[in-house]
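Q:
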Amino acid sequence: VTLRCNHKCVYCQASSKDFSDHRYDMSQDTARRVVDTIFESPSPDITIEFQGGEPLANWPVVQFIVDYALEKNKTAGKTLMLNCVSNMSLMDPEKLDFLLQREVNFCTSLDGPAEVHNRNRVFLGGNSHGEAVKWWKIIMKKTAKKIFRIDALLTTTRFTLAHPREVVDEYLRLGARGIYLRFLNPFGLARGTWEKIGYTPEQFLEFYRGAMD
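Sequential numbering from 94 applies to the sequence shown in this note's numbering.
#1: Could you check which residue in Glu299, Ala283, Phe297 and Gln296 has the C-alpha nearest to that of Cys102?
#2: Could you tell me the boundaries of the alpha helix (DSSP H) in which Met233 lies?
#3: Just checking my contact of Ser221 with Ser182 at CB under 8 Å: how many whole Å lie between their CB atoms?
#4: Hey, how far is the Cα of Lys227 from the Cα of Glu299?
#5: Considering just the uninterrupted stretch of the beta strand (DSSP E) at Leu96, what are its terminal residues?
#6: Find out if the Cβ-Cβ distance for the pair Glu142, Pro206 is shorter than 7 Å.
#7: Out of Val261, Arg266 and Gly219, which has the shortest C-alpha to C-alpha gap to His100?
#8: Using DSSP with H/G/I as helix, E/B as strand and the rest coil, what is His115?
#9: So Val209 is in the alpha helix (DSSP H); what residue range does that whole segment cover?
#10: Would you call the CB atoms of Leu254 and Gln296 closer than 7 Å?
#11: Rounded to the nearest angstrom, what separates Pro294 and Glu288 at their Cα positions?
#12: Helix, strand or coil: which one does DSSP assign to Arg275?
#13: How many whole angstroms separate the CB atoms of Ala304 and Val261, which I take to be in contact at a CB cut-off of 8 Å?
#14: Which residues does DSSP pair with Cys177 in a beta bridge?
#15: Grab the span of the beta strand (DSSP E) containing Ala245 for me, first residue to last.
#16: Which residues in the same chain as Arg275 place their Cβ atom closer than 7 Å to its Cβ, once the five residues preceding and following it in sequence are excluded?
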């Protein structure tokens, strides 16, 4: 729904744009046509996932798509899942209530403890780890015993390799139901920063084995 983002993550694959540049926002007219096209699928199961940039930066269009898709599905009768992939820094109680009432799932990035996370996921003027963890705890509490809730994924950089135990401990501390040890792809910004944040397959496998053990 937008390529704008208020983070400058060292491995960004989305080629995110400056937060003030609204040229990269999806319009409501485009959003309507996107949803109409999605519902042309013959599949009985549909997932619409909000990504970015930071999708909450274009909140009005996220709201529109959620309500428009739910309304269309009253006739289509498909199994519809809605997912919001967010760094959580723009979340607030009103947005959260809207999304929870409509049973939207959440996914955020959690690159381990604050020291590692904030080095990977630079939030200009803020604490990326602090915001992600704050809203993680709130959503976990509000969605207890529900199917829809929040999950996280980790992107492994060179900074992460020395901390397999700390990564696992952080996910356990937050009550995560899984740990996805995602390797780094040389796409987007990561292609230009690879010499600083990249590693060999052998180094990743050593980290993976340590975390698994």
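Built from N, CA and C at the ideal position, the CB exists for glycine as well. Source: prediction; values computed, not measured.
A: If we stick to the structure as given:
#1: Ala283
#2: Ser221 to Lys235
#3: 7 Å
#4: 31 Å
#5: First-last for Leu96: undefined, no H or E at that position.
#6: no
#7: Gly219
#8: helix
#9: Ala207 to Asn213
#10: yes
#11: 14 Å
#12: strand
#13: 6 Å
#14: Phe143 and Phe199
#15: Ile243 to Thr248
#16: Leu246, Leu247, Thr248 and Thr249
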